[in-house]
Structures are given as structure tokens and as C-alpha cells.
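Report on one structure; see the data block that follows.
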Amino acid sequence: MLQGRRVLLCVTGGVAAYKSAYLARRLVEAGATVRVEMTESALEFVGAQTFAAITGEHPFTALFAADLVSPHTELARWADLVIVAPATGATIGRVANGISEDLVSATIIATTVPVLLAPAMHTEMWEHPATERNLETLRGFGYHIIGPEIGALAGGDSGMGRVAEPEEIVVAAGDILGGEGKGQKVLVTAGGTREPVDPVRYLGNRSSGKMGHAIADAAIRRGYDVTLVTTADLPTHPAAKLIRVETAEEMLAAVAGVEPHVAIMAAAVADFRPKSAAESKIPRADGLPSIELTETPDILASVVQRHPRPFTVGFAAETGGVERAVEKARKKDVDLLVYNDVTEPGSGFGTDTNRVVLIDRSGDTEELPLLAKSEVAERLLDRVAAAIGEQG
Ligand code: CTP
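Positions in the sequence shown are counted from 1; adding 1028 to them yields the working numbering.
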């Protein structure tokens, strides 16, 4: 479950920090991309270079680092999972009380992805009512806690408070990232197709691919096995199987090779293409060319006609009212249609936000407010998961 996933490992200051080097190694072996944050105290126990050598990237050690403008928020957003190992009483206390005074506590407070804490401390500290209360608070926030265990502690002591073993942490991380999508394949199409006129020119549209890529990203985070067929040159989650295409024909061929449980057809596919593309650039001197058009294949139709058919989500970027979209949902025979009016401000092509209406098979509509495309993706996947759950 960790293959291709982005794990942010936060190392705080306890002797157990040395075990986190091994944890980092195990995470890398499991296929995760690992970045590391270290507190100042952690650096007293292990060198940053150790983690750099294991992960291939230098750890982040300060809130105000030169290499990122805002390391805590950027890393908080980058990660699919944050692991804090070891998690000292001090870090646990800071986060439980919302105190974001160092890179690690600020990142944990800034992130919206799952957080797994592996506490480690002396038995007396572990048994202090403040620790107990803080952990209760963290559980209430929905954080996952693993360990501690009974064993050898710093300074030759032994008792409750030893950090969970790296192998156990790796298993827990996999379980958390397993998510609702475990074992389910999702196909996402994204971007606008480009239909060549000649080697230089094409017929295209304004779709940026941002919505489809946001859906693929969100689906990966939920543990789906994602294939993204896209025309867009946008950053893509490393865990997604990426198939880059240009034309509707190429998109059809790529889609034909995928057997998903869920198909989310966010691409803006050209309805017409030049019947034949000129082999060399059409010179201006030849005068106005006439370009004969022909139909492109209906990729969505090819998916809904399958037996068994996947749960299919269509998109309708319209300039008309929602009534037309309700009719389109029925005609296209989709399980869910995502309608948006591209003429509305902040909605549609190229923007980072979208205001959509979700239309189901019975024609019922759910109007979502203007949201970041990443949030639209989450809401859409909530609906897909709920509908699949109902279907059993
Ligand atoms: N679609 C497709 N293949 C096509 C055209 C569209 O798979 N050749 C999919 C899109 O990805 C989208 C849905 O069909 O999910 C609706 O696209 P849209 O362009 O709105 O549908 P059209 O049938 O082309 O409707 P219109 O007449 O409004 O252009």
C-alpha cells in the first residue's frame, strides 16, 4: 500500500530517533517517497546526513528554511501521510494544544492528511496525567497512535515507553493509507484533446486538465489504484499510472486497455476532428484552407456500453442551464454527471476553483458551493464511494 505514496517522516528528539533511520529505510523499501523533518533536539541524537543518504533528500530542519518558502505548509500538502517517530512528550503536548512553534508541530497542525504518532518517552513521563490527557486529545483529533511498548529506555532504564518497532509502524502506515479505495481501480480522463490539422496546428479546447488531475490525486490518497489518461502536462502523483495522449482516438485506445471499477471521464474530448491531417505545414500562401471535419469516437459511450460496466461519472462543461445537463445525464446513461457552467466566474477551464452540480441517475441534483478543485474532487469521491457502497 505504500508503493508510490508520499510519506513525511517527522523525527523528534529522543534516543529512539536512531530507529527512525531504519524506519526511513523500510518505508523507502516499501516503495514510498520519503521526506524527513527533524527537530533541533532530534539532531542531537542522529545526523541529518543519515536520513539524506537513506531517502535521497536532505531533511528539513527549520521553519524558516531557504529552500522552501513555507516548509510547514508545503510539506503538509505534499504528504499522503505524516508519521511522527519518535513522538516526544513535548511534540505531543504542543500539537494537542495547537502550539505550532517548530517545523514539526507546525506541519502536523497544518496538514489535513492522516497523522500516525509513535510516542516514545520514559515511563514516568508516559504515565504523567498531562501525557495521558494530550494523547486523548490527539485521538479525538483523529490521529493514529502506535505504541509505545515495554522495553529498554534511555540511560539503561527499562519499562513502558519504548517506541513501536519500525516494521509495526510500516504495517500501520499501510493500513492507514489503504483507505476506502483498497482493491478498487479508478480510471480518470483529463485535459482537452488536440486534433491535428497539420504538424504545427491543431483543433483544441480550453480544458487545462486541473480538475481531472485533482481527482486522480484525491483518489490515490484514498487508496484507489488509479490510471490517469491525460493530455495535460501537469504534476501527477507518482502512484498514478500515467498514460499521456493527445487525440480522442489515442484516448479511446488508452481507455480501452483499462478495466476499472470506477470511470471518471473529466476530459474535454473534441467532438470533431480534421478528417485527415496535412503531412506538412499548410502554407499561408496557398490561401484559406478548407478543413473537412469528421466525428471523433464517443469515449464515454464506449465505457457505459461495457458488460459489466464500471460506475461511470461524466462531465458536462456547459454554457447553458442545469436542465440541459440533467437531460445529458439521462441520455449519456451515466451514474453521476458533474455539471458546471463555464461562464461563471471562478468556474471551469484553467481556474483552480469550480462550482459544480452533481446529477445522479434519478435526476436529483446536489449543488456544491464554489470550491477549490481539490475539494470538488473530495466531494465527488465521497459521492462515488457512497453510491458504490449502496450498490454493494
Ligand atoms: N466525452 C467522451 N467522448 C467524446 C465526447 C465527450 O468521452 N467524444 C465525454 C466527456 O469526457 C464528458 C462527457 O462525455 O464526460 C460529456 O461531454 P460533452 O462534450 O459535454 O458531451 P457532448 O455529447 O459532446 O455534448 P455537447 O453536444 O454538449 O457537446
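The beta carbon of each residue, even a glycine, is placed where N, CA and C say it ideally should be. If you're wondering where the values come from, they're calculated on a predicted model, not measured in any experiment.
Check: Taking the alpha-carbon positions, what's the G1175 to A1052 distance?
Finding: 18 Å
Margin query: Just checking F1343 against the ligand CTP - is the residue's beta carbon closer than 7 Å to any of the ligand's heavy atoms?
Written below: yes
Check: Does the Cβ of A1295 lie closer than 7 Å to at least one heavy atom of the ligand CTP?
Finding: yes
Item checked: From L1091, K1210, G1042, D1095, residue whose alpha carbon lies closest to that of V1074 -> G1042
Next item on the list: Measure the C-alpha to C-alpha separation of S1375 and P1263 and round it to an integer number of angstroms.
Entry: 21 Å
Notebook entry, point to check: Given that a residue counts as buried once 16 or more other Cβ atoms are within 10 Å of its Cβ, and exposed if not, what is D1422?
Noted result: No information on residue 1422 is available, as it lies outside the stretch 1029 to 1420 that the chain covers here.
Check: Between which two residues does the beta strand (DSSP E) containing P1147 stretch?
Finding: 1143-1147
Check: Leaving out the 5 sequence neighbours to the left and right, which residues in its chain are closer than 6 Å to R1234 when beta-carbon positions are compared?
Finding: Correct list, in chain order: F1377.
Checklist line | Best match in V1198, G1121, R1190 for proximity to E1160 [C-alpha to C-alpha] | finding: G1121
Note to self: Using beta carbons (cut-off 8 Å, strictly below), is T1379 in contact with chain C?
What the structure shows: Checking the listed chains, one finds no chain C in this structure; it contains a single protein chain.
Margin query: For the ligand CTP, I want to know if D1299 counts as a neighbour, meaning its beta carbon is within less than 7 Å of at least one of the ligand's heavy atoms.
Written below: Yes, the ligand CTP has a heavy atom inside 7 Å of this Cβ.
Note to self: Taking the straight line between their C-alpha atoms, what separation do you get for E1355 and E1403?
What the structure shows: 26 Å
Item checked: Rounded separation between E1307 and K1359 - CA only -> 38 Å
Notebook entry, point to check: Between L1205 and L1030, which are expected to be in contact by the criterion C-beta below 8 Å, what is the C-beta distance as a whole number of angstroms?
Noted result: 7 Å
Checklist line | Start-to-end residues for the alpha helix (DSSP H) that takes in A1282 | finding: 1276-1284
Margin query: What does the Cβ neighbour count give for Y1252, buried or exposed, with the cut at 16 atoms within 10 Å?
Written below: buried
Next item on the list: Check whether the stretch 1223-1240 touches the stretch 1085-1100, taking contact to mean three or more Cβ pairs, one atom from each stretch, closer than 8 Å.
Entry: no
Item checked: Rounded separation between V1123 and L1145 - CA only -> The straight-line gap separating the alpha-carbon atoms of V1123 and L1145 is approximately 11 Å.
Check: Should Q1212 and H1150 be called a contact, given that it needs their Cβ atoms to be closer than 8 Å?
Finding: no
Check: Considering only residues of the same chain and omitting the five flanking positions on each side of I1248, which have a CB-CB separation below 7 Å?
Finding: V1254, H1265, A1267, A1268
Note to self: To test your reading of the DSSP string, which unbroken alpha helix (DSSP H) runs of 4 or more residues are found completely within the stretch 1259-1328?
What the structure shows: 1276-1284
Check: Are A1148 and A1115 touching if we call contact CB-CB under 8 Å?
Finding: For the 8 Å CB-CB criterion, A1148 and A1115 form a contact.
Check: Below 8 Å between beta carbons: does that hold for A1113 and L1037?
Finding: Taking 8 Å as the Cβ cut-off, A1113 and L1037 qualify as a contacting pair.
Check: Beta carbon of A1192, beta carbon of M1239: below 8 Å?
Finding: No; because the gap between Cβ atoms is not below 8 Å, this pair is not in contact.
Next item on the list: Less than 8 Å between the CB atoms is what I'm expecting for I1327 and L1215, so what's the real figure, rounded?
Entry: Contact doesn't hold; Cβ gap of about 10 Å is too wide.
Note to self: I'd like to check one pair, A1298 with T1221: are the Cβ atoms closer than 8 Å?
What the structure shows: yes
Next item on the list: With a threshold of 7 Å, establish whether the CB of T1275 neighbours any heavy atom of the ligand CTP.
Entry: no
Checklist line | Cβ-based neighbour list, S1133, same chain, cut-off 7 Å, excluding 5 preceding and 5 following | finding: Within the same chain, S1133 has close Cβ partners T1119, R1122, V1123, I1127.
Notebook entry, point to check: Are there 16 or more other CB atoms within 10 angstroms of the CB of N1125, so buried, or fewer, so exposed?
Noted result: exposed
Next item on the list: With a threshold of 16 other CB atoms inside 10 Å of the CB of R1054, please say whether the residue is buried or exposed.
Entry: buried
Next item on the list: Under 8 Å by Cβ, that's how I've got I1243 and A1405 pegged, so tell me the actual separation to the nearest angstrom.
Entry: 4 Å
Notebook entry, point to check: Using the rule of at least 16 other Cβ atoms within 10 Å of the residue's Cβ for burial, across every protein chain shown, is V1039 buried or exposed?
Noted result: Buried: at least 16 other Cβ atoms inside 10 Å.
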